[in-house]
Structure formats: structure tokens, C-alpha cells
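Just below is one structure, and these are the notes that go with it.
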Amino acid sequence: MFKIVSMAVVAACLCAGAGQAAAQAAGEAAYVKECAACHMAFPAQLLPARSWTAVMQGLASHFGENAALDAASTTAIAAYLAAHAADAPHMDRHALRGLAANATPLRITETPAWIREHKGEVSAADFASPKVKTKSNCAACHRDAARGIFGDD
Amino acid sequence: MTNITRPLALAACLGISTLALAATGPAQQKVLDQYSADAKAGGGAFAGFSAARGKALFLSRSATGKPDTPSCTTCHTEDPRKAGQTRAGKAIEPMALSVSPDRYADLAKTEKWFARNCDSVLGRACTPLEKGDFITFMVSQ
Numbered sequence: 096m097f098k099i100v101s102m103a104v105v106a107a108c109l110c111a112g113a114g115q116a117a118a119q120a121a122g123e124a125a126y127v128k129e130c131a132a133c134h135m136a137f138p139a140q141l142l143p144a145r146s147w148t149a150v151m152q153g154l155a156s157h158f159g160e161n162a163a164l165d166a167a168s169t170t171a172i173a174a175y176l177a178a179h180a181a182d183a184p185h186m187d188r189h190a191l192r193g194l195a196a197n198a199t200p201l202r203i204t205e206t207p208a209w210i211r212e213h214k215g216e217v218s219a220a221d222f223a224s225p226k227v228k229t230k231s232n233c234a235a236c237h238r239d240a241a242r243g244i245f246g247d248d
Numbered sequence: 003m004t005n006i007t008r009p010l011a012l013a014a015c016l017g018i019s020t021l022a023l024a025a026t027g028p029a030q031q032k033v034l035d036q037y038s039a040d041a042k043a044g045g046g047a048f049a050g051f052s053a054a055r056g057k058a059l060f061l062s063r064s065a066t067g068k069p070d071t072p073s074c075t076t077c078h079t080e081d082p083r084k085a086g087q088t089r090a091g092k093a094i095e096p097m098a099l100s101v102s103p104d105r106y107a108d109l110a111k112t113e114k115w116f117a118r119n120c121d122s123v124l125g126r127a128c129t130p131l132e133k134g135d136f137i138t139f140m141v142s143q
């Protein structure tokens, strides 16, 4: 009896896991399709989940533009971002270093980790140069930024 | 008689090149037909879409929207045949149908961008007439 129950539990977990994986893949695809239409699909691990929640709740006024999405896409993308955020289980927590527990930065460039990494290395003139244009253009210097790789290129 | 075939016939009569107009596919026509139906349903007189009005809307500057996006041209440039750039630095495919033949073919996608960008630039939703005028202009480019 115990064996059957435990097998059923394992099977249920596997099914739920597969369903979750599919939902995550759909969420990631939606994230890249919708968000990378305007800017790089910033790696989710660069902000805590609370920041992503705030970003996704404020899409109608998104850094000076309306970036509103339909409800289904918004939910799927929000779930993907939360599951891969800096404070999600098994994720690299590097981006949280120095960040106050009650702080909810909306920009990656506002996190102490980002500021520390760029301080003294990249000048304001570098960021303003035509090739870079904006601090949100990670890939101008980090070739593999979209894959979450930020070595010193 | 659709709104597109009429100028097409006129252009053909006048011997004007119909190359750009000929780019309008059935998908774009379906989107325009929807806006035409919406415009009629909204009441008032509807006498077809106008590329000239669409051009004026595209080039106009607004003080009622979000400060960083006073005009369509802020991101799309004043030449619909040229690529634009998002404020975050990404390239935007040209708006002219002759250069970007896949545009205005998907009503949901078209509606998503009108909803966002009319709010960003004008601070309000666009009317069906404005949407139809805008596409009619871009189709003619």
C-alpha cells in the first residue's frame, strides 16, 4: 500500500514538474519575445523577485513608456522572472549583495552590486557614447549579456 | 469597394507607380477593414481613411503624452522607410510596408502597439479613424 501511494506521489510530482517546466519555458519565450522587442531581455537573476513583481505591475508606465501587455502574457512572464530572480532558490545571489532587505530597485543599474561592478571602470562619457547610448545597453560591452554572462569583456 | 483599391485604381488611371500600394496584402486589408467597421460603429460620418491625415498624425508633436515620447518620430524617425531605435537602443524595423512587408498583418499585435504608443505619445487611446489613417499612410510609403 505504502509503495503504491509513494509511487502515486512520485508520479504526481513528476507530472507537476513537467507542467511547471513547460510553463516556465513558455514564460521565458514570452519574456524574450515581448520584452526584448524594446531592450535586452535582462537576466532575471539581476534583481530580486520583489523588484520583478513591481516592474510587471507597472508596465503601463514603464520607464517613461506604456509597455502594457495582455493579462496572460503578464502572468506568464512575471512567474518566469520570479522563479529566476536573484533570491529564488538555487540562483546566484550576487546581485543582492549590499541591497537592503526592504529595497525594491526597479532598475538593475540602481543595485549596489551593479554600481560596485561599474564604479571607476566605466565613465559617464563611456555610457553616453553613441555605441552605448544608455546604461541599459549591457551588450555594448558584455557580448554575452543576454545569456547572463558578464565577464570583463 | 475597399479603401485601398480605390486609390489604387485612381493611381493606375493617373499612371502613377502603384508599387508601394500593391504591397497591401489581404492581411493588412483585413486589419483596415476592422478599423473601418469600428469607425462606422463609433457613429459620425466616416468617409474612408486618409494617408495625408495619417502622415500628419505620424509627424505631429504632442504635449499630452509621456515627456520622453512627444512624437511617433521620437523612436521611428521622420522617414518611415528608415529603421528607428527604441529609447533603450534597440533597432526598430521601418514602419513603411514597402520596406517591412510583415507589418499591420496581425490585428492583436497592431492593437497592442497602438494601445501602448498612443498612450505614450498622446496620453490617450487612438480612435479607429486615427489607426486606419496611420496604416493607410504607412501602406502608401
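As you go down the protein sequences, you meet chains X and Z in turn.
Read left to right, the first sequence gives residues 96 to 248 (the numbering used here).
Read left to right, the second sequence gives residues 3 to 143 (the numbering used here).
All C-beta atoms in this analysis are idealised placements derived from N, C-alpha and C, irrespective of residue type, glycine included.
Keep in mind that this is a model prediction, so the values were computed, not measured.
- With 16 or more other Cβ atoms inside 10 Å of its own Cβ, K133(Z) counts as buried.
- For S224(X), the closest Cβ of chain Z is not nearer than 8 Å.
- A117, R118, N119, D121, S122: these are the residues of the segment 117-142 of chain Z whose beta carbon lies less than 8 Å from some beta carbon of chain X, given in chain order.
- Residues of chain Z whose Cβ lies closer than 9 Å to the Cβ of C130(X) do not exist; the shortest such Cβ separation is about 10 Å.
- DSSP places T138(Z) inside the alpha helix (DSSP H), whose first and last residues are 130-142.
- Three or more Cβ pairs closer than 8 Å define a contact, and the segment 161-178 of chain X falls short of that threshold against the segment 78-85 of chain Z.
- In the DSSP secondary-structure assignment, G86(Z) is bridged to I94(Z).
- If the five residues before and after E80(Z) are omitted, its C-beta is found closer than 8 Å to the C-beta atoms of L61, all from its own chain and listed in chain order.
- One Cα belongs to A155(X), the other to W115(Z), and the distance between them is close to 12 Å.
- The segment 216-234 of chain X and the segment 115-129 of chain X do not touch, with fewer than three beta-carbon pairs separated by less than 8 Å.
- Taking a contact as a CB-CB distance under 8 Å, the pair F51(Z) and D135(Z) counts as one, their CB atoms being some 5 Å apart.
- Residues of the same chain with a CB within less than 6 Å of the CB of R192(X), apart from the 5 flanking positions on each side, are A208 in chain order.
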